[in-house]
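Enquirer: Supplied in structure tokens, the structure appears directly below.
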Amino acid sequence: MATKEYSLKPFRAERKLHIEYAKELNPQQLEAVTSQPGPALVIAGAGSGKTRTLIYRVAYLIEQGVPAQRVLLLTFTNKAAREMLRRAQELIVPDLTHMWGGTFHHMANRGLRRHAKLLGFPNDYTILDREDARDLMNAIIVEEKIDTKQQRFPKGDVLVDIYSMAVNTEKSIEQVVGELYPHFGDLTEQIEILQPKYQERKRKNTAMDYDDLLAYWLNLLQEHAEVRERYAQQFQFVLVDEYQDTNKLQADIIDLMASAHKHLMVVGDDSQSIYSWRGANFQNIIEFPKRYPGCQVFKIETNYRSVPEILEVANAAIAPNVHQFPKKLRADRKPGSKPVLVPAYDVGQQAAFVAQRMLELHEEGVSLNEMAVLYRSHFHAMELQMELTRRNIPFLITSGLRFFEQAHIKDVAAYLKIVVNPADELAFKRAAKLLRGIGDKAADKLWLTVTGHPHFVKHLDSQPVLAAVPAKARSDWKQFAATLCQIEPLKETPSEMIRVVVEAGYEDYLTASFPNYAARLEDLNQLALFAQKYENAEQFLSELALMTNLEAEDAAPVQVGDELVRLSTVHQAKGLEWQVVFLISLADMMFPNARALNSEEGEEEERRLFYVAITRAKDELYLVYPQMRFNAGYQDVLQKPSRFLADIPPALLEQFELKSEFAQF
DNA sequence: AGAGTGGGCCTTTTT
DNA sequence: GGCCCACTCT
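Add 66 to a position in the first sequence, counting from 1, and you land on the number used in the numbering used here.
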């Protein structure tokens, strides 16, 4: 790898460049975009053109002659990376396809597929999603004969969460349990003993969970100087978006990736740090100047997104937080209308109000695509979904379940996984249990008889294996074995594999098992189309596991051209914007969430979340709360408006009086 | 004994 | 939709 340094000429407005930076950027943005190499921290408030700054920085680097493959752009979603590259590409001529861009997990996976052998892992490992990790952990709890009855023992998903937190924050399990799971304090030792078992089991199955991708990648960079040097040399410029939501593990990876040149530019906003429960630590951004002494600091504080009335509410909402960089967001836009406070009787009336107002706005000419409903938790949107369906208002919801996490998608993917990685115990058992007459026990037994065989797929149809198959499952099993043999040679065309699996029997299973089989079949059809983009099954499966909710939409069957209202959690709305935003279920204990209030930091994070939600709105913002909570079987109980609403001076809001027509629900 | 089904109760945020 | 448990069917 050539290690030529590409230096940047000092920016001078009069010098002829393709892009007229000084015209297209404000002075603060311009300063960051044209800054000299070296560590740099960009504090960019909500709606201040953070993305724009990054795009222009990329374009500027390329225009200065830096080859695309020497730039690394880390973003929160792959979609964000793609979007930025696309827009940077529009600004300049050179080809950016060789630039590395994407999420941390994406980058780690890309590196590990190349170098996993150094860690004793084959490079065709499977990536476990949350559900897989939980199932594996539960299996271990059973095998280790842990008495989960006598004393409340954490379930698989809780254990996985504990380990995840330890890995991502680089803390000990004892510390994590002590701080976040004190009620399991006396089980600490047992919890510690199980972690290596979990690690071993994944290794045996040649599988990695999300945390392993990061942890092993960091390990590779730390322990293998040749790998570290290779990438640290390659990436002369490293850009990181949403830096406030990185955790210790990710920060360490960044530091090593940028260790040769130290041309590291991180961009973020401490007020929008909302992922501490995933180990994110906004101390990373606060202490960046300490870790990189002499770094340049840029503040971008002009907000182009929202009308001043919305911004004032946002500023008031975040003000009570003690732990933040002092900053003053200035509005650039002309005055518009005040945010509206809407007390609804209950969630039903809340839904009715939102739907009604949407229709009115649509009449007034606002596109449905420019409206969004945001909430704290997925289930807060239930009534609204029903209401919108009743009124024929088309909506797109990024639900708790991702497109790719749905059972039928995972079932079919399991077939491909078995062929790609015959050590994948979870995939094998999942697929086997779909056959009639095979349940947990039979699947366990069969796995023990088939695992480790060199000609795994062909072996399934052999005499010794057939003997272990329950009699009533025999014919299904034969079909299963035949299907796997059939798709094995098709690894280069994952979409074909999917079609074969569906036609060879999965379709029959769907029709027999689900009333909505047609919709599920259509999903699988879309999945096959989506798979065509990939060169082989392994790539396709990686993508499937690492895709975010936002990206999943591109693969989900949504008719193009249709106008859709967006329903989303605040977390998933990060980085997005709409003309009109409805923020619903603003009742205390719903938003802020009751469980987050156990600590002071918890309340501050909820407040940042509230701030993120408010700053998604460009023109109109509705703050809606239900006053009554439905109490099954008993009288409804009164609930308090969110404590965050009390921090907003009443003069900044317009009070909405619900007309009686809403009260009938 | 193991597979499969249905009811009751709860639901934070996600790569 | 998930989880747990009780129940029936084979």
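Glycine included, each C-beta is placed from N, C-alpha and C at the ideal position.
Can you find the residues in the same chain that come closer than 8 Å, C-beta to C-beta, to Leu425, ignoring five residues on each side of it along the sequence?
Expert: For this step, residue 425 is matched to residue 359 along the first sequence. Cβ within range, chain order: Arg457 and Ile459.
Enquirer: Can you find the residues in the same chain that come closer than 8 Å, C-beta to C-beta, to Pro405, ignoring five residues on each side of it along the sequence?
Expert: To locate residue 405, count along the first sequence from 1; it is residue 339. Hits under 8 Å: Glu375, Ile376, Val379, Ile680, Ala683, Glu686, Leu687, Tyr688, Leu689, Leu718, Leu719 and Glu720.
Enquirer: As a quick exercise: from Gln310, Ala603, Ile121 and Leu550, pick the residue whose alpha carbon is nearest that of Gln349.
Expert: In the first sequence, counting from the first residue as 1, residue 349 sits at position 283. Nearest C-alpha to Gln349: Gln310.
Enquirer: Nearest-angstrom Cα distance between Tyr276 and Ser339?
Expert: The residue given as residue 276 occupies position 210 in the first sequence. The residue given as residue 339 occupies position 273 in the first sequence. When rounded, the distance between both Cα atoms is 21 Å.
Enquirer: Tell me the rounded alpha-carbon separation between Val124 and Thr312.
Expert: Within the first sequence, numbered from 1, the residue matching residue 124 stands at position 58. Within the first sequence, numbered from 1, the residue matching residue 312 stands at position 246. Each residue's alpha carbon lies about 21 Å from the other.
Enquirer: Would you be able to state if there are at least three C-beta pairs under 8 Å between the segment 632-646 and the segment 578-596?
Expert: No, the segment 578-596 is not in contact with the segment 632-646.
Enquirer: Is DSSP giving Asn347 helix, strand or coil here?
Expert: Numbered from its first residue, the first sequence carries residue 347 at position 281. Residue state, collapsed to three classes: coil.
Enquirer: In the DSSP assignment, the alpha helix (DSSP H) including Ile463 goes from what residue to what residue?
Expert: As a working mapping, residue 463 is identified with position 397 in the first sequence. Here Ile463 belongs to no alpha helix (DSSP H); instead the beta strand (DSSP E) covers Phe461 to Ile463.
Enquirer: Mind checking which residues open and close the alpha helix (DSSP H) that includes Met203?
Expert: Translated into positions along the first sequence, residue 203 becomes position 137. Where Met203 is concerned, the enclosing alpha helix (DSSP H) stretches over Arg196 to Glu209.
Enquirer: So what's Leu407 in DSSP terms, helix, strand or just coil?
Expert: Reading the first sequence from its first residue, position 341 is the one you call residue 407. Looking at Leu407 - three-state DSSP - the assignment turns out to be strand.
Enquirer: For the alpha helix (DSSP H) holding Met231, just list the boundary residues, first then last.
Expert: For the purposes of this step, residue 231 is taken as residue 165 along the first sequence, with counting starting at 1. It spans Gly222 to Thr235 - the alpha helix (DSSP H) in which Met231 sits, taken as one unbroken run.
Enquirer: Near Val432, which residues of its chain fall below 8 Å by C-beta distance, leaving aside the five closest residues on each side in sequence?
Expert: Taking the first sequence and counting its residues from 1, one reaches residue 432 at position 366. Answer for Val432: Gln645 and Val646, listed in chain order.
Enquirer: Helix, strand or coil for Lys75 per DSSP?
Expert: The residue labelled residue 75 in the question sits at position 9 within the first sequence. Correct three-state label for Lys75: coil.
Enquirer: In three-state DSSP terms, what is Pro692?
Expert: Within the first sequence, the letter at position 626 stands for residue 692. Looking at Pro692 - three-state DSSP - the assignment turns out to be strand.
Enquirer: Please name the residue, chosen from Leu462, Tyr297 and Lys507, that lies closest to Leu178 on a Cα-to-Cα basis.
Expert: Residue numbering aside, residue 178 sits at position 112 when the first sequence is read from its first letter. With distances taken between Cα atoms, Leu178 lies closest to Tyr297.
Enquirer: Do Tyr441 and Thr163 come within 8 Å of each other at the CB atom, strictly closer than that value?
Expert: Here the question's residue 163 lines up with position 97 in the first sequence. Here the question's residue 441 lines up with position 375 in the first sequence. No, the Cβ-Cβ distance between Thr163 and Tyr441 is not below 8 Å.
Enquirer: Could you check the C-alpha separation between Asn189 and Gln605 for me, to the nearest Å?
Expert: The residue given as residue 189 occupies position 123 in the first sequence. The residue given as residue 605 occupies position 539 in the first sequence. In a straight line, the C-alpha of Asn189 is about 11 Å away from that of Gln605.
Enquirer: For Gly699, count neighbouring C-beta atoms within 10 Å of its own C-beta (all shown protein chains included) and say buried if the count is 16 or more, exposed if not.
Expert: Position 633 of the first sequence, counted from the first residue, corresponds to residue 699. For Gly699, the predicted structure reports a pLDDT of 48, less than 50, and the residue's modelled location is therefore unreliable. The matter cannot be settled from this model.
Enquirer: For Tyr441, which residues does DSSP report across the bridge?
Expert: As a working mapping, residue 441 is identified with position 375 in the first sequence. According to DSSP, which records beta bridges pairwise, Tyr441 is partnered with Thr635.
Enquirer: For Pro103, count neighbouring Cβ atoms within 10 angstroms of its own Cβ and tell me buried if that reaches 16, exposed if not.
Expert: Within the first sequence, numbered from 1, the residue matching residue 103 stands at position 37. Flag for Pro103 reads buried.
Enquirer: For the pair the segment 147-161 and the segment 82-102, tell me if three or more CB-CB distances fall below 8 Å.
Expert: Output reads yes: the segment 82-102 touches the segment 147-161.
Enquirer: Report back the beta-carbon spacing between Ser114 and Thr368 to the nearest angstrom; my notes put them in contact at under 8 Å.
Expert: Taking the first sequence and counting its residues from 1, one reaches residue 114 at position 48. Taking the first sequence and counting its residues from 1, one reaches residue 368 at position 302. Contact holds; Cβ gap of about 6 Å.
Enquirer: Looking at Asp412: is its Cβ nearer than 8 Å to the Cβ of Met150?
Expert: The count along the first sequence starts at 1 and reaches residue 412 at position 346. The count along the first sequence starts at 1 and reaches residue 150 at position 84. Contact flag unset, no.
Enquirer: Looking only at C-alpha atoms, which of Pro530, Glu236, Ala273 and Ile257 sits nearest to Asn347?
Expert: Counting from 1 along the first sequence, the entry for residue 347 is found at position 281. Closest option to Asn347, Cα to Cα, is Glu236.
Enquirer: Is the beta carbon of Val304 less than 8 Å from the beta carbon of Ile320?
Expert: Your numbering for residue 304 matches position 238 in the first sequence. Your numbering for residue 320 matches position 254 in the first sequence. Cβ atoms of Val304 and Ile320: closer than 8 Å.
Enquirer: Helix, strand or coil, according to DSSP, for Gln302 in the structure here?
Expert: As a first step, residue 302 must be located in the first sequence, where it is residue number 236. Coil.
Enquirer: Pull up the distance between the alpha-carbon of Ser465 and that of Met448, whole angstroms please.
Expert: Taking the first residue of the first sequence as 1, we reach residue 465 at position 399. Taking the first residue of the first sequence as 1, we reach residue 448 at position 382. Approximately 10 Å, taken between the alpha carbons.
Enquirer: Confirm, please, whether the CB-CB distance from Ser337 to Arg674 is below 8 Å.
Expert: Residue mapping note: residue 674 aligns to position 608 of the first sequence, counting from 1. Residue mapping note: residue 337 aligns to position 271 of the first sequence, counting from 1. Cβ atoms of Arg674 and Ser337: closer than 8 Å.
Enquirer: Does the distance from the CB of Ile128 to the CB of Ala383 come in under 8 Å?
Expert: Your numbering for residue 128 matches position 62 in the first sequence. Your numbering for residue 383 matches position 317 in the first sequence. Cβ distance not < 8 Å, so Ile128 and Ala383 don't count as in contact.
Enquirer: Looking at Gly210: is its Cβ nearer than 8 Å to the Cβ of Lys263?
Expert: Residue numbering aside, residue 210 sits at position 144 when the first sequence is read from its first letter. Residue numbering aside, residue 263 sits at position 197 when the first sequence is read from its first letter. For clarity, residue 210 is Glu in the given sequence; the question names Gly instead. Yes; because the gap between Cβ atoms is below 8 Å, this pair is in contact.
Enquirer: Per DSSP, what are the beta-bridge partners of Lys365 in this structure?
Expert: Counting from 1 along the first sequence, the entry for residue 365 is found at position 299. Answer is Ile109.
Enquirer: Is it right to say Met437 is buried, meaning 16 or more other beta carbons lie within 10 angstroms of its own, or is it exposed?
Expert: To locate residue 437, count along the first sequence from 1; it is residue 371. Buried, since its Cβ has 16 or more Cβ neighbours within 10 Å.
Enquirer: Write down every uninterrupted run of the alpha helix (DSSP H) in the segment 489-531 whose length is 4 residues or greater and which is fully enclosed by it, in chain order.
Expert: Listed in chain order, the complete alpha helix (DSSP H) runs (minimum 4 residues) inside the segment 489-531 are 491-498, 506-516 and 522-525.
Enquirer: Contact check, Met323 vs Leu138 under 8 Å by CB: the rounded distance?
Expert: Within the first sequence, the letter at position 257 stands for residue 323. Within the first sequence, the letter at position 72 stands for residue 138. So it is a contact: roughly 6 Å between Cβ atoms.
Enquirer: Return the CA-CA distance between Gln390 and Gly518, expressed in angstroms with no decimal places.
Expert: Position 324 of the first sequence holds residue 390. Position 452 of the first sequence holds residue 518. For Gln390 and Gly518, the distance between alpha carbons rounds to 54 Å.
Enquirer: Taking the CB atoms as reference points, tell me whether Ile366 and Ala110 lie closer together than 8 Å.
Expert: By 1-based counting over the first sequence, the position of residue 366 is 300. By 1-based counting over the first sequence, the position of residue 110 is 44. Cβ atoms of Ile366 and Ala110: closer than 8 Å.
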